[in-house]
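Novice: Residue numbers (the working numbering): 100 to 213.
Backbone N, C-alpha and C fix where the C-beta goes; we use that ideal spot for every residue, glycine too.
Remember, it's a predicted structure, so these values are computed and weren't measured experimentally.
First the structure, which I've put down as structure tokens, then a few questions once you've had a look.
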Ligand code: 5GP
Ligand code: ZN
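What follows is the structure, given as structure tokens:
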């Protein structure tokens, strides 16, 4: 068993502000939001990084994006815009080794990101 923060949130062992769940994924508010809306869409299954994705995970990753789009729409950000992203490994700023799609919205998001 991996000692994993997001597995613990999935299992209810660590509290989080859960906003969505289904059989494949959960979504909750980031503890340190970087935008007025900052959610994490997380597969239930432990996958450490994008590097560990297998061919059979393609539908799952599509699902994570559809969930993010639905949550952005429900929060009223679909028209103005929002950003989704995965950080992969330390060079990109990944700090939790359980795959998670960031959803950021509610402010002007500059490009390129830092
Ligand atoms: P990463 O840096 O790995 O791409 O993203 C990890 C995210 O998890 C960060 O944005 C960080 O603020 C968030 N985070 C870290 N610990 C917790 C926690 O205990 N609860 C919640 N809800 N978010 C967390
Ligand atoms: Zn995990």
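How would you label residue 116, buried or exposed, when you count the other beta carbons within 10 angstroms and need 16 or more for buried?
Specialist: Classification for residue 116: exposed.
Novice: DSSP beta-bridge partners for residue 113?
Specialist: Bridge partners of residue 113: none, in fact.
Novice: If you draw a straight line from the C-alpha of residue 174 to the C-alpha of residue 167, how long is it?
Specialist: About 11 Å.
Novice: Any chance the CB of residue 197 is under 7 Å from a heavy atom of the ligand ZN?
Specialist: Under cutoff, so the answer is yes.
Novice: May I have the straight-line CA-CA distance separating residue 119 from residue 109, to the nearest angstrom?
Specialist: The straight-line gap from Cα to Cα measures roughly 11 Å.
Novice: Would you report the Cα separation of residue 207 and residue 184, rounded to the nearest angstrom?
Specialist: Residue 207 and residue 184: Cα-Cα distance of roughly 16 Å.
Novice: Grab me the residues of residue 113's own chain with a C-beta within less than 7 Å of its C-beta, minus the 5 sequence neighbours each way, in chain order.
Specialist: If we look at residue 113 and ignore the five residues flanking it on each side, its Cβ neighbours are 104 and 107.
Novice: Is the separation between the beta-carbon of residue 163 and that of residue 203 shorter than 8 Å?
Specialist: Contact flag unset, no.
Novice: Taking DSSP as the reference, what is the three-state secondary structure of residue 143?
Specialist: Residue 143: coil per DSSP, three-state reduction.
Novice: Let's see if you can read the secondary structure: which residues bound the alpha helix (DSSP H) around residue 163?
Specialist: Its alpha helix (DSSP H) spans residues 157 to 173.
Novice: Leaving out five residues before and five after residue 159 in sequence, what residues of the same chain have Cβ atoms less than 7 Å from its Cβ?
Specialist: For residue 159, where only same-chain residues beyond five positions count, the Cβ hits under 7 Å are 123 and 142.
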